[in-house]
Amino acid sequence: EAQVTQNPRYLITVTGKKLTVTCSQNMNHEYMSWYRQDPGLGLRQIYYSMNVEVTDKGDVPEGYKVSRKEKRNFPLILESPSPNQTSLYFCASSSLAGGYDTQYFGPGTRLTVL
Amino acid sequence: AQSVTQPDIHITVSEGASLELRCNYSYGATPYLFWYVQSPGQGLQLLLKYFSGDTLVQGIKGFEAEFKRSQSSFNLRKPSVHWSDAAEYFCARSGGSGAGSYQLTFGKGTKLSVIP
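Protein chains in written order, with my numbering: chain A, 69 to 182; chain B, 21 to 136.
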């Protein structure tokens, strides 16, 4: 089944404790992206990647890092989480073959930073 | 910068009634437009999309949307709402050039409540 998976689905942590949220897709998509969703703000893009070893900032990149060492994986790293990073995070992927295509979203990771 | 506006934060309709959710996008190159639905505690599911061609697009679950360039709108409609349609709906657009053409800009969402 074609899908985007994220782990963990739920995470409670404390300020300053480094964490990684994993994202993996099995559709051989080139494009991957991270969004955060906050009430009243909709979804905002954090980082995106056009292909392996190619990443760039989205609209709200501060406090986050990403890496794209393999095509299928795109982890989101919070090196020193703060309470304002409490949010619902979504990973998405899309094919670039033949031009723009639909982005498919993972199930989300709910992060709470105390 | 691209923007998407969903003027209605919350809409309540009776089951069986018709529905229209509004979406306006900022003017720019021909946009790619999407409607996603998010049920409580779930991820985002694509309802429909518009890239080009026929301005009336059909989606899943009986939804349709009409692209109106003159009004910069892409409103979502359903002729008869079911209780299971209660969810939050997001309009999104992409467009531009290069890597920016893949960035999705979302509206803030419209929460739909359905009265049995």
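Idealized CB from N, CA, C, for every residue including glycine. Remember, it's a predicted structure, so these values are computed and weren't measured experimentally.
### Range covered by the beta strand (DSSP E) that runs through I135 of chain B
130 to 135
### Query
Beta carbon of S148 of chain A, beta carbon of M95 of chain A: below 9 Å?
Not closer than 9 Å, so no.
### Task
Anything in chain A within Cβ reach of L41 of chain B, meaning under 9 Å, just list it in chain order.
By Cβ distance, chain A contributes nothing, its closest Cβ being about 14 Å from L41 of chain B, past 9 Å.
### Task
Flag Y70 of chain B as yes if its beta-carbon sits less than 9 Å from any beta-carbon of chain A, otherwise no.
no
### Query
So, is the C-beta of L109 of chain A closer than 9 Å to a C-beta in chain B?
So yes, L109 of chain A belongs to the interface.
### Query
Do we get a CB-CB distance below 9 Å when we pair Y172 of chain A with the residues of chain B?
Nearest CB-CB separation between Y172 of chain A and chain B: below the 9 Å threshold.
### Query
In three-state terms, what does DSSP make of L80 of chain B?
The sequence given here has Ile at residue 80 of chain B, not Leu. Helix, per DSSP.
### Task
Flag this pair as yes or no: are the beta carbons of E84 of chain B and S93 of chain B separated by less than 9 Å?
no
### Query
Which full runs of the beta strand (DSSP E) of 3+ residues lie inside the region 79 to 115 of chain B, going along the chain?
84 to 88, 93 to 98, 107 to 114
### Task
May I ask whether a heavy atom of the ligand SAM can be found less than 8 Å away from the beta carbon of G82 of chain B?
This structure lacks the ligand SAM, and indeed carries no ligand of any kind.
### Query
Roughly how many whole angstroms lie between the Cα atoms of P76 of chain A and T177 of chain A?
6 Å
### Query
DSSP puts G110 of chain A in a beta bridge; with which residues?
A:D106
### Task
Measure from the C-beta of S101 of chain A to each C-beta in chain B and report whether the shortest distance is under 9 Å.
yes
#### Entry: Sub-9 Å separation of A112 of chain B and G127 of chain B beta-carbons
Taking 9 Å as the Cβ cut-off, A112 of chain B and G127 of chain B qualify as a contacting pair.
### Query
DSSP on Y122 of chain B, reduced to helix/strand/coil?
Under the three-state reduction of DSSP, Y122 of chain B is assigned to helix.
### Task
Could you check which residue in B:S46, B:V101, B:R42, B:Q62 has the C-alpha nearest to that of W55 of chain B?
B:R42
### Message
Buried or exposed for Y78 of chain A, going by 16 or more other Cβ atoms inside 10 Å?
### Response
The residue in question, Y78 of chain A, is exposed, as its Cβ has fewer than 16 Cβ neighbours within 10 Å.
### Query
So what's Q62 of chain B in DSSP terms, helix, strand or just coil?
DSSP places Q62 of chain B in coil when its eight states are reduced to three.
### Task
Decide yes or no for the touch test of the region 130 to 144 of chain A against the region 110 to 122 of chain A: beta carbon pairs closer than 8 Å, at least 3 of them.
The region 130 to 144 of chain A vs the region 110 to 122 of chain A: in contact.
#### Entry: CB-CB length for Q153 of chain A against G174 of chain A, believed under 8 Å
That belief does not hold up - the Cβ atoms of Q153 of chain A and G174 of chain A are roughly 18 Å apart, past 8 Å.
### Task
Measure the C-alpha to C-alpha separation of H97 of chain A and T123 of chain A and round it to an integer number of angstroms.
14 Å
#### Entry: Assigned secondary structure, Q153 of chain A (DSSP; H/G/I helix, E/B strand, else coil)
In the three-state reduction of the DSSP assignment, Q153 of chain A falls in the helix class.
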